[in-house]
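Have a look at the structure below before the remarks.
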């Protein structure tokens with residue numbers, strides 16, 4: 124997890140991606156929900172976490188850590204918690220990603 128966060132921070136704050144929106148996929152939410160609070164503690168990766176060992180608060184905390192890694196003001200970061208084996212959810216996420224890309228391109232061309 125720490126390596127993923129460090130890599131995200133490097134990419135997100137890279138000078139070549141200053142004006143680029145970021146889409147963050149937090150995958151395997153089903154496995155995370157199954158393990159958190161039962162066989163694994165979030166404190167192994169994030170010792171400063173003080174909330175309940177439950178899926179929602181832990182997932183929000185991790186998402187917030189990624190958002191806080193961004194040092195570029197006004198950068199658009201979109202986050203999706205996903206389960207790649209859930210085809211309906213994957214389709215929804217891909218549709219929203221395409222919508223985001225299209226909106227960004229239209230805005231860049233002067234269309235709002």
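Numbering (the working numbering), first residue to last: 124 to 235.
C-beta atoms are modelled at their ideal positions from N, C-alpha and C, and glycine is treated no differently.
Is residue i buried or exposed, if buried means 16 or more other CB atoms sit within 10 Å of its CB?
i: residue 159; result: buried
i: residue 224; result: exposed
i: residue 204; result: buried
i: residue 232; result: exposed
Residue i lies in the alpha helix (DSSP H); which residues open and close that run?
i: residue 155; result: 152-158
Which residue wins for smallest C-alpha separation from residue i, given the options the options?
i: residue 207; options: 129, 128, 227, 155; result: 155
i: residue 213; options: 148, 191, 136; result: 148
i: residue 168; options: 161, 153, 128, 138; result: 128
Next item on the list: Count the CB pairs spanning the segment 198-211 and the segment 136-153 that are closer than 8 Å, and state whether there are at least three.
Entry: With the cut-off at 8 Å, the segment 198-211 and the segment 136-153 touch.
Checklist line | Three CB pairs or more closer than 8 Å across the segment 212-221 and the segment 168-181 | finding: No: fewer than three Cβ pairs fall under 8 Å.
Item checked: Runs of beta strand (DSSP E) lying entirely within the segment 185-235, each at least 3 residues, in chain order -> Counting only runs of 3+ residues, the beta strand (DSSP E) found wholly inside the segment 185-235 occupies 200-204, in chain order.
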